[in-house]
Amino acid sequence: MDRAAYCAKIQEAIENIQFEGTYVEHLPYGSGHTNDTFAVIFQQADGSRRRYILQRMNHEIFKDPEALMENINNVTSFLRKKIVEAGGDPERETLNVVPAKDGKSFFKDSIGSYWRGYVFIEGATSYDKVEKPEHFYQSAVAFGNFQKLLADYPAATLHETIPDFHNTTVRFETFKKAVQEDVMGRAKDVQAEIDFAMAREEDASVLMNMLKKGELPLRVTHNDTKLNNIMIDDKTGKGICVIDLDTVMPGLALNDFGDSIRFGANPAAEDEKDLSKVWMELSLFESFTKGFLEACGNSLTDNEIEMMPMGAKLMTFECGIRFLTDYLQGDTYFKVHREGHNLDRCRTQFKLVADMEEKWDQMKAIVEKYR
Ligand code: ADP
Ligand code: GN1
Ligand code: MG
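Read in order, the letters of the sequence shown are residues 379 to 749 in the working numbering.
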């Protein structure tokens, strides 16, 4: 779709969602890899301006956007009730869907794209990198609390929005297939990365095997706990709202822990090209571990706590092979903004995996310290 046609679809969505006020403008927003996100500004009767979030949902990735929105409605209503009971502010501490004019939680445009509106959480920031270690600690407390709040959520009512999302065994099989098929002819240029992954094939199934044997419990988890999926309050520095609820599904607590570590304990960006800037910073690992265990430690089993370093390593490894798979398949999944973008991302993840292997005993000692 060309730019003008896309702009027309944005306007169609804006007109069909119950945003309040007079439309002023919209701007691309945030740095998510999945949905198209915009900040939309509306002028209010008193002259003030109000922002909303508008998203075109990625229905290539989420095959059933209506089921996904049912999850989001149910999960946010469930959270809202608990936030109110605890005396919190449900307008800022959970996502709030702005319904479409027909009352649905999404708007389907004339070419079949799905759009949704959210109340914009003002006075808070979503960070792409840890700027203050305290923020990372606070994000751990918030993600830990989020998991605890959902502990009694009726898991059977949740739709699985992406099947096998964190089934690392399946992810590894998909990666091997991508290497064999090599549709873009790129495999020859990334032999070092392929070898790195192949050498760790056995690791890929460690947590899935424990789940199968009943050694790890299935919980309702977020499944995409990177730092930029949490809003940190600008005044208090606390993690006030967990956002990006597209992948709330039954999963492993260790994956939520691990995904936060892979993203936030790296002092560099996820797509940093200079690998000398990429490592797993133990002091950040410690801040997050402390916060996570303080928030949900007493609900975790001994096995879960024991396997926390493995959760960190496997989520990083899984993300690395996902980026590499996408590079081999021609960059069809994650949004890319430059040539080799997915390969750069894969390299940071593999550098982190190697660094975690070096720091394994120290990671284990930190977990022991806070258990
Ligand atoms: P993606 O799935 O593409 O990552 P997200 O739902 O995470 O999409 O949104 C992308 C970015 O938009 C977030 O990282 C955050 O910066 C911003 N954002 C999303 N929802 C809100 C909201 N309700 N209020 C303020 N900012 C938001
Ligand atoms: C994607 O949507 P976003 O940018 O929050 C991806 C995650 C990856 C992450 C890597 C639905 O997250 O699984 O870990 O990119 N989300 C989906 O940065 O695939
Ligand atoms: Mg996101």
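From the three backbone atoms N, C-alpha and C, an ideal C-beta is built for every residue, glycine too.
- In this structure, the straight-line span from the alpha carbon of tryptophan 738 to that of tyrosine 505 is close to 27 Å.
- It is roughly 6 Å from the alpha-carbon of alanine 445 to the alpha-carbon of histidine 537.
- Checking the 7 Å criterion, the Cβ of threonine 539 is out of range of every heavy atom belonging to ligand 1.
- DSSP, read as helix, strand or coil, puts methionine 658 in coil.
- The C-alpha of leucine 473 is placed about 21 Å away from the C-alpha of glutamine 422.
- Taking 7 Å as the cut-off, the C-beta of serine 504 counts as close to a heavy atom of ligand 1.
- In the three-state DSSP reduction, phenylalanine 420 falls in the strand class (E or B).
- When the Cα atoms are used, leucine 585 and phenylalanine 521 turn out to be separated by approximately 20 Å.
- Apart from the 5 residues on each side of it in sequence, glycine 408 sits with its Cβ closer than 6 Å to the Cβ of Thr415 in its chain, given in chain order.
- The beta carbons of leucine 653 and arginine 725 sit closer together than 8 Å.
- Distance check between valine 519 and each of Val508, Ala570, Phe670 places Phe670 closest, using alpha-carbon atoms only.
- Contact between valine 745 and threonine 667 holds, with the beta-carbon distance rounding to 6 Å and staying under 8 Å.
- Under a 10 Å Cβ-count criterion, histidine 404 is classified as buried, with 16 or more other Cβ atoms of the shown protein chains found around its own Cβ.
- Asparagine 451 has its alpha-carbon roughly 16 Å from the corresponding atom of aspartate 480.
- The continuous beta strand (DSSP E) containing arginine 427 extends over residues 427-434.
- The beta carbon of glycine 642 sits closer than 6 Å to those of Val508, Phe514, Leu605, all from its chain and outside the five residues before and after it, given in chain order.
- With a cut-off of 8 Å on Cβ pairs, the stretch 617-625 is in contact with the stretch 457-475, counting three or more such pairs.
- Phenylalanine 397 is not a Cβ neighbour of methionine 447, given a cutoff of 8 Å.
- An exposed status is given to tyrosine 384, since fewer than 16 other beta-carbon atoms sit within 10 Å of its beta-carbon.
- Of the residues assessed, lysine 691 falls on the buried side of the cut-off, its CB having 16 or more other CB atoms within 10 angstroms.
- Just measuring C-alpha positions, the residue of Lys747, Ala631, Val475 sitting nearest glutamate 664 is Lys747.
- Under the DSSP assignment, aspartate 739 falls in the alpha helix (DSSP H) whose first and last residues are 738-748.
- Closest option to proline 406, judged by alpha-carbon separation, among Ile388, Phe420, Ile395: Ile388.
- In summary, alanine 673 is buried, with 16 or more beta-carbon neighbours lying within 10 Å of its beta-carbon over all protein chains present.
- Going by DSSP, glycine 629 is part of no alpha helix (DSSP H) but of the beta strand (DSSP E) stretching over 627-629.
- By the Cβ criterion, the stretch 678-697 is not in contact with the stretch 707-720, since fewer than three pairs of Cβ atoms, one from each stretch, lie closer than 8 Å.
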